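Quick note on the UniProt record's numbering: the sequence shown kicks off at 1 and runs consecutively. Notes for the one structure printed next.
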Amino acid sequence: MSRFTLPRDLYHGKGSLAELKNLQGKKAILVVGGGSMKRFGFLDKAIAYLKEAGMEIEIFENVEPDPSVETVMKGAEAMKKFEPDWIIAMGGGSPIDAAKAMWAFYEYPETTFNQLIIPFNFPALRTKARFCAIPSTSGTATEVTAFSVITDYAKGIKYPLADFNITPDVAIVDPELAETMPPKLAAHTGMDAMTHAIEAYVSTLHCDYTDPLALHAIKMVREFLKKSFAGDTEARARMHNAQCLAGMAFSNALLGIVHSMAHKTGAAYSGGHIVHGCANAMYLPRVIQFNAKNEEAAKRYAEIATFVGLEGSTDAELVDALVADIKALNVSVEIPSCIKEYEGGIIDEAEFLEKLPAIAELAIGDACTGSNPRIPVQEEMEKLLKACYYGEDVNF
């Protein structure tokens, strides 16, 4: 038996933010990030709609990119004092992910973070509040997923939290919020969505319910990402839908080692963070080459290539065409080819090599590895990470 879980309601299209005025409750806490929602007027709109719904409102703001355990605990404390019956998270993936973790600690104050990092180990939620997610970026799809990523900066590790309990009750996918993204953010989040869809399609847990969502999302990202990067409004709207469809697929089929590697390299180096979507984009072509040594995975990558119209007479040729297509898409949206080139070379080579064995071990142990079609051993993961650092093709 398998399970397929989505939000109870999903409102989409321009102006769908107004659906907030139809929520029924007494108190809502709004969790937001660093200020873009306030700056562009969306926070004020949300507050007005919630007041129209008759709710008392409190705001928890300044959730940082790659939200920390400390921020989660502060937010949970604010919720315990305010006692909301709606948690509304608005912005990029960070405030929504943070709010999901806050939700657990609000309802179960005695829960520890170590308990939550065990996959599918959350307590039953909705004893105090329901959850509404409103994304402003087109990539993480956390508004429809059973996942959250929280960073323990003391350990330098990003933890993917996974449990169907944290799938939001309501998702509002209003493309007007995504129109304000700077081009680099549109590129990174867009390739995050592409990675979600491709990993979901080749996951060992894919099924008839997730496959069509993944394929259509891949086709849409391939068609609209470059135009979205250039600022085209209609393309931004289509990308907002595409990332949501990819999220529906991966939330139920799960992911693979592209995400395992991105999680464990993102906050590991003193030179700076590797932005999650950019990491996925750089690693994806090499992981496809690695996974394609598995016959079933190669067949499914070839199906993706055929679906989007790439040419090849064998599975191997189609896999090569898919890898080349993704590399070309990365170039078109100004994503570097490898870690060594990331942000002008901020990830020091000596530090990368020194930490390589530990990072490889952590990546193998990541929650996303189990559904990857080919499970790497330590030596293979180290070689794969080195290929991602130096921009080398993978043939092992």
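Every residue, glycine too, gets a C-beta built ideally from N, C-alpha and C. From a predicted model like this one, the values you see are computed outputs, not experimental measurements.
Segment limits, alpha helix (DSSP H) that includes residue i
{"i": "Ser36", "result": "Ser36 to Arg39"}
{"i": "Asp211", "result": "Asp211 to Phe229"}
{"i": "Ser332", "result": "Asp315 to Ser332"}
{"i": "Met194", "result": "Pro183 to Val202"}
{"i": "Phe352", "result": "Glu349 to Gly365"}
{"i": "Phe250", "result": "Thr233 to Ala253"}
{"i": "Glu176", "result": "Counting along the chain, Glu176 falls outside any alpha helix (DSSP H), and DSSP gives it neither H nor E."}
{"i": "Cys388", "result": "Gln378 to Tyr390"}
{"i": "Pro285", "result": "His276 to Asn291"}
{"i": "Glu52", "result": "Phe42 to Glu52"}
{"i": "Phe113", "result": "Phe113 to Leu116"}
{"i": "Ile346", "result": "Where Ile346 is concerned, there is no enclosing alpha helix (DSSP H), given that its DSSP letter is neither H nor E."}
{"i": "Lys299", "result": "Glu295 to Phe307"}
Same chain, Cβ closer than 8 Å to residue i, five either side skipped, listed in chain order
{"i": "Asn294", "result": "Pro373 and Arg374"}
{"i": "Asp85", "result": "Gly25, Lys26, Lys27, Ala28, Lys128, Ala129 and Arg130"}
{"i": "Leu310", "result": "Leu318, Ala321, Leu322 and Asp325"}
{"i": "Met220", "result": "Arg238, Met239, Asn241, Ala242 and Leu245"}
{"i": "Asp44", "result": "Lys38"}
{"i": "Gln378", "result": "Pro357, Ala360, Glu361 and Ile364"}
{"i": "Gly271", "result": "Ile346, Ile347, Asp348 and Glu351"}
{"i": "Gln115", "result": "Asn121"}
{"i": "Ser94", "result": "Gly33, Val63, Glu64, Pro65, Asp66 and Pro67"}
Opening and closing residue of the beta strand (DSSP E) in which residue i lies
{"i": "Pro84", "result": "Careful: Pro84 lies outside any beta strand (DSSP E) and carries neither H nor E."}
{"i": "Tyr159", "result": "Ile157 to Ala162"}
{"i": "Tyr11", "result": "Asp9 to His12"}
{"i": "Val258", "result": "Run containing Val258: none in the beta strand (DSSP E); it sits in the alpha helix (DSSP H), Ile257 to Thr265."}
{"i": "Ala171", "result": "Val170 to Val173"}
8 Å Cβ cutoff met for residue i and residue j
{"i": "Phe120", "j": "Pro168", "result": "no"}
{"i": "Pro212", "j": "Ile150", "result": "no"}
{"i": "Leu50", "j": "Ile57", "result": "yes"}
{"i": "Val31", "j": "Val69", "result": "no"}
{"i": "Leu245", "j": "Glu199", "result": "no"}
{"i": "Thr265", "j": "Ile364", "result": "no"}
{"i": "Pro175", "j": "Lys14", "result": "yes"}
{"i": "Val258", "j": "Leu225", "result": "no"}
{"i": "Ala197", "j": "Ile172", "result": "no"}
{"i": "Thr111", "j": "Pro123", "result": "yes"}
{"i": "Pro357", "j": "Glu380", "result": "no"}
{"i": "Lys81", "j": "Glu52", "result": "no"}
{"i": "Ile339", "j": "Ile347", "result": "yes"}
{"i": "Gly247", "j": "Met191", "result": "no"}
{"i": "Met282", "j": "Ser337", "result": "yes"}
{"i": "Tyr17", "j": "Ala48", "result": "This sequence places Leu at residue 17; Tyr is not what is there. Contact: no."}
{"i": "Phe396", "j": "Leu177", "result": "no"}
Cβ shell of residue i (< 6 Å), same chain only, five flanking positions each side left out
{"i": "Val202", "result": "Ala297, Arg300 and Pro373"}
{"i": "Arg222", "result": "Val308"}
{"i": "Ala267", "result": "Thr151, Gly156, Lys158 and His273"}
{"i": "Lys100", "result": "Ser148 and Ile166"}
{"i": "Ala78", "result": "Phe60"}
{"i": "Ala367", "result": "Pro119, Pro160 and Ala162"}
{"i": "Phe4", "result": "Tyr209 and Asn252"}
{"i": "Asn330", "result": "Ala281"}
{"i": "Tyr108", "result": "Pro123"}
{"i": "Cys207", "result": "Ser2"}
Bridge partners - residue i, DSSP secondary structure assignment
{"i": "Gly91", "result": "Pro135"}
{"i": "Ser68", "result": "Thr151"}
{"i": "Glu58", "result": "Ile29"}
{"i": "Ala124", "result": "Note: Ala124 sits in no beta bridge, so no partner."}
{"i": "Arg130", "result": "Trp86"}
Cβ separation of residue i and residue j, assumed to be a contact under 8 Å, to the nearest whole Å
{"i": "Thr127", "j": "Leu185", "result": "Actually they are not in contact, since the Cβ atoms of Thr127 and Leu185 sit about 36 Å apart, beyond 8 Å."}
{"i": "Ile96", "j": "Tyr159", "result": "Not a contact, Cβ separation roughly 16 Å."}
{"i": "Val275", "j": "His188", "result": "5 Å"}
{"i": "Leu205", "j": "Ser371", "result": "5 Å"}
{"i": "Met261", "j": "Cys388", "result": "7 Å"}
{"i": "Gln289", "j": "Asp163", "result": "The Cβ separation is near 32 Å, so there is no contact."}
{"i": "Ile134", "j": "Met90", "result": "4 Å"}
{"i": "Trp103", "j": "Ile88", "result": "Rounded, the Cβ-Cβ distance is 11 Å, inconsistent with contact."}
{"i": "Glu143", "j": "Arg236", "result": "Contact doesn't hold; Cβ gap of about 16 Å is too wide."}
{"i": "Ala76", "j": "Phe105", "result": "3 Å"}
Other residues of its chain near residue i: CB distance less than 7 Å, five sequence neighbours each side excluded
{"i": "Thr71", "result": "Val63, Glu64 and Ala98"}
{"i": "Thr210", "result": "Ala200, Ala249, Asn252 and Ala253"}
{"i": "Val170", "result": "Pro7, Arg8, Asp9 and Cys132"}
{"i": "Tyr153", "result": "Ser68 and Ala267"}
{"i": "Asp315", "result": "Ala298, Lys299 and Ala302"}
{"i": "His216", "result": "Leu245"}
{"i": "Leu385", "result": "Met261, Leu356, Ile359 and Ala360"}
{"i": "Thr233", "result": "Glu179"}
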